[in-house]
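One structure is given below, encoded as structure tokens.
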Amino acid sequence: MSLFAVEDLALHFGGIRAVDGISFDVRDGEVFAIIGPNGAGKTTIFNLISRLYQPTSGRLIFRGQDITRRPPHVVASLGIARTFQNIELFANATLLQNLLIGRHSHVSASILSQILYTPAVRRAEIAHRGRAEEVIAFLGLERHRDRLIADLPYGIRKVVEIGRALCIDPRLLLLDEPSSGLNVEETQEIAAWIDEIRGTLGVTVIMVEHDMSLVSAVSDRVMALNYGRILALGTAAEVQRDPEVVRAYLGG
Amino acid sequence: MLETARVIQIILNGTAVGCIYGLVALGFVLIYKTTETVNFAQGDLMMLGGFLAFTLIAKVGLDYWLGFLLTIVFMAAFGYLLDALVLRRVIGQPQFAVFMLTLGLGFIFRAAAGIVWGYDAVSFPTPFTGRVLDFGGIVVSANNLSILVGTVGLCAVLYLFFSRTRLGVAMQASSQNQLAAYYMGIPVRTVFSLTWAISAAVAAAAGVLLAPVALVDVNMGFLGFKAFAAAVLGGFGSIPGALIGGVVVGIVEQVAGYSLPAGFRDVTANAVLLGVLVLRPQGILSQTMRKKV
Amino acid sequence: MRPIRTSYAQDLTLLPTTGSRVRVALVTGVALAIPAFAGEFYLGELAAVFIFAIAGVGMMLLSGYTGLVSLGQAAFLGIGAYTNAVLLARGVPLILSLPSGAMLAGLAGVAIGIPTLRMSGLYLAIATLAFGSIVGTIFQKWEGVTGGFGGFPVVSPTLGPLILDSPRGLYFLSLAMLGLVLLVAANILRSPLGRSLVAIHGSEISAQSMGVNLAVTKTLSFAISAAITGLAGGLFAHYVHFLAPDSFDLVLSIQFVTMIVVGGLGSLSGAIYGAIFIRLLPQGIALLRDDLPLGIGHMPGLEPSLFGLILVLFIIFEPQGVAGRLSKIAHYWSAFPLHRRATFQRQKSYTRSERVR
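Residue numbers (my numbering), protein chains in the order written: chain A, 164 to 415; chain B, 14 to 306; chain C, 32 to 388.
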């Protein structure tokens, strides 16, 4: 069953076709990887899905609902969470505060009740804290809970970003290059978490990734892009054998 | 006929004042482009230039042109040292901190000028003082004309510097991409200091040109806030933009002074500024790119 | 020292440690005891410290936490002051006029917040500066209401036992309002709204991808900041007794900025330290004026130059302000003798570019 569908999506910057008529759909519970050379339009697709960019044409359908015109914060509250290629954490806040921001779309208290800090707000805050702590336990971040992001090493920050996205309780998680900048062990850890996120939490994952070993290890289907167009779509093995993909990577 | 002459007169006066705004705005833009810092003390550098010229010309008794030249040289050195000794220390701090630093510097300059030169407005003789040119009913004071000529001349020199000299090109490169420029062997820190030197020199020139028209006093630097409007109009990134912005603000102000009740003139620059920012939050000629994520 | 935590609720408490409770109780006790022995003049000056601290809290929420620079805070203070004074002159009771000033300032905050939504950094600073100067001109020109350059005398009524005409009355009212504003600000900071403010400061893009409505939250930040500053303005009217339009100018806005930078960006106590600094420095200079050598004390322009100098020194040597310095000293003693110089060092980023956003 399709959880998320992209129909004929395009984004043109002036004469440049960053994304040029792409359609695919992502099934509920699968790990869907997007690969391609630099500048192929992978991250641009993420930015279109999380509505940071306005598509030139095409539609985005999430759980049967057209989200093409929804603002970014609404997309988040519908259950689409994401991470960023170059880590966009709140550097001067603690790890815990970062995770709690992920709970923002579940906040229902009015501004006035927050200013008064009513007992209801306090109870809700304790519940959000509980959820954040579950994520902390899930990712094994207990030691760093109260540390500022600015003080944490890169590898940990990468994990924190995944944690923050998980705090949204997403149905769909977009991971933008989860392994970039990580060493082999850390990458294996990421692979294990992606498996658990899908298996234990039941979250569907779309990831942009360069590391083919990670892609092969965790993804059900792979989509290869170049110049904003789809080159191939299938299992990791199929896509890696595809002559068009080979040519794009080897620069034929 | 009289009406047309009047209009031309207003436009000419506006252009002269606008050139000064443009020159101060130019200083903002140069520093912003290269170092991403906004120098809120730019107007105060102009004030210091005016006072320095007063000392050299009226007190020491130097020839106007020699005094002009020395003022520019001294202020350039001052700008260089300002960056090398003070601003270099805050590289890497948030933009906000650097704004506040230059605001604080402005306070210090104003107070220092008050202590050295006092709080009365001063002036000095120029070769143009009192001379008036009459173009068939349209009267142009030689002072205003000197501002126009001086501005055009200064811009020509800057244009040649940035497009023809190695140093100028290196400075342009640093403003495009600091890191890349650094890797290419451009001494970025020296380039920063030189940018400050040039900006201070341009501000000083503006101060000397403005002195016979508006007198020099400690609060002359507040004119710098109007030059913001000019810089924003010009997009805060282009040198011709700053000048055009300056002239536009100057003319709008003159027209407002002529057609609106007294006291509203000083607010027109800000009204224009706010209007432009609301319509185009990044200025007319945008230098801002979207952050890549 | 931080106690061992046993429940999540503990982290939500405003004053979690015995030490912090004792400190707040002590400060409150001293503040309540001062009027017993201090003269009227000093009470008036302390009231001014409280009023500036209120404005400082307002600015801290906007600039210190949300990261939105405003060089137009004096306009909000002025709107609060004029609204309060004009309403009082027309017979409206203080209990309505003071909040009305805050409300109107808050609306002005929305008015500048919405058009500047897409601006940040430099452009926002310039836009708020322009806004401040335009509002200042309105104070001068709307003579029918504000009295223009002739000024506007402030009626100071009696509020229960408080005679606002006296520094003593103003002292207690300002102290109470400061307490209230601090409570509101602290509540905001520990609730989801406060987190979203900090998130916007950190990264607008990721804040919205986490479900934060940027437009609403930024406008709200402006509105709350402006309303708090407007409240300070209403009290300020009773401190100065006579409103002159040029007292709400750029120089005052810059004083507010100096206040929060010197006090310490990103901390509520910083707003208070900053207010103490900015109000008491002129008093200190006045006291020392005759004792300084070489007639330095009598030089005109001494005060602004000292403000400028201190601002510059803080930004270069202690960007986290008095609050930051105090927390470092506290850490030094709590870790004594194992203090490491590197504890508070942060990596500098030289390629930071705020042009790209």
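Just so you know, even glycine gets a beta-carbon here, dropped at the ideal spot from N, CA and C.
Residue pairing for E170 (chain A): DSSP places it in a beta bridge opposite A:R222. Per DSSP, the unbroken beta strand (DSSP E) holding S154 (chain B) starts and ends at I151 to S154.
Judged by their CB atoms, I274 (chain A) and L224 (chain C) are nearer to each other than the 8 Å cut-off.
A buried status is given to Q171 (chain C), since no fewer than 16 other beta-carbon atoms sit within 10 Å of its beta-carbon. At least one beta carbon of chain A lies nearer than 8 Å to the beta carbon of I219 (chain C). Interface flag for P313 (chain C) against chain B is unset, since no Cβ pair is found closer than 8 Å.
With contacts defined as CB atoms closer than 8 Å, L211 (chain C) and L193 (chain C) fail to qualify as a contacting pair. Within chain B, the residues Q108 have their CB atoms less than 7 Å from the CB of G152 (chain C), given in chain order. With a 10 Å radius around the Cβ and a threshold of 16 neighbouring Cβ atoms, G163 (chain C) comes out buried.
Nearest in C-alpha terms to G270 (chain B), of all of B:G27, B:T17 and B:E16, is B:G27. Beta-bridge pairing by DSSP links N389 (chain A) to A:R392.
In summary, A134 (chain B) is exposed, with fewer than 16 beta-carbon neighbours lying within 10 Å of its beta-carbon over all protein chains present. DSSP places I243 (chain A) outside any alpha helix (DSSP H); the residue lies instead in the beta strand (DSSP E), whose first and last residues are I243 to R245. Residue environment for T114 (chain C): buried (at least 16 other C-beta atoms within 10 angstroms of its C-beta).
Chain A places a beta carbon closer than 8 Å to that of L251 (chain C), counting this residue as a contact. Neighbourhood of S164 (chain C) in chain B, by CB distance below 7 Å: V280 and N283, in chain order. The Cβ of N255 (chain A) sits closer than 8 Å to at least one Cβ of chain C. The beta carbon of L93 (chain C) sits closer than 6 Å to those of L99, S101, S252 and S256, all from its chain and outside the five residues before and after it, given in chain order. Spatial neighbours of G355 (chain C) in its own chain (CB-CB distance under 7 Å, excluding positions within 5 residues in sequence) are listed in chain order as G295 and E349.
M370 (chain A) is bridged by DSSP to A:A196 and A:L338. Non-local beta-carbon contacts of Q286 (chain C) in its own chain, meaning distances under 7 Å to residues more than five positions away in sequence, involve I309 in chain order.
Contacts between F247 (chain A) and chain C, judged by CB atoms closer than 7 Å, involve S237 in chain order.
Considering only A:V237, A:L259, A:V385 and A:E401, the residue with the shortest C-alpha distance to R190 (chain A) is A:V385. G95 (chain C) counts as buried, since at least 16 other C-beta atoms from the protein chains shown sit within 10 angstroms of its C-beta.
For R226 (chain A), there are no CB contacts under 6 Å within the same chain when 5 residues up- and downstream are skipped.
A direct Cα-to-Cα measurement between V409 (chain A) and F176 (chain A) gives close to 28 Å. Taking 8 Å as the cut-off, the Cβ atoms of V20 (chain B) and Y132 (chain B) do not count as close. At a beta-carbon threshold of 8 Å, none of the residues of chain C lie near P333 (chain A); the nearest stands roughly 10 Å away.
When A:G178, A:T206, A:D183 and A:L241 are compared, the shortest CA-CA separation from R334 (chain A) is found for A:L241. Contact of V284 (chain A) with chain C by beta-carbon distance below 7 Å involves S222. Considering only beta carbons, the part of the region 39 to 61 of chain C lying closer than 9 Å to chain A consists of Y39, A40, D42, L43 and L45, in chain order. A distance of 8 Å or more separates the beta carbons of T257 (chain A) and L304 (chain A).
Proximity of the region 395 to 403 of chain A to the region 371 to 387 of chain A meets the contact definition, three or more beta-carbon pairs being nearer than 8 Å.
With a threshold of 8 Å between beta carbons, A240 (chain B) makes no contact with chain C.
As DSSP reads the structure, H175 (chain A) sits in a beta bridge with A:R180. Contact between the region 255 to 269 of chain C and the region 106 to 122 of chain C is present: three or more C-beta pairs spanning the two stretches fall below 8 Å.
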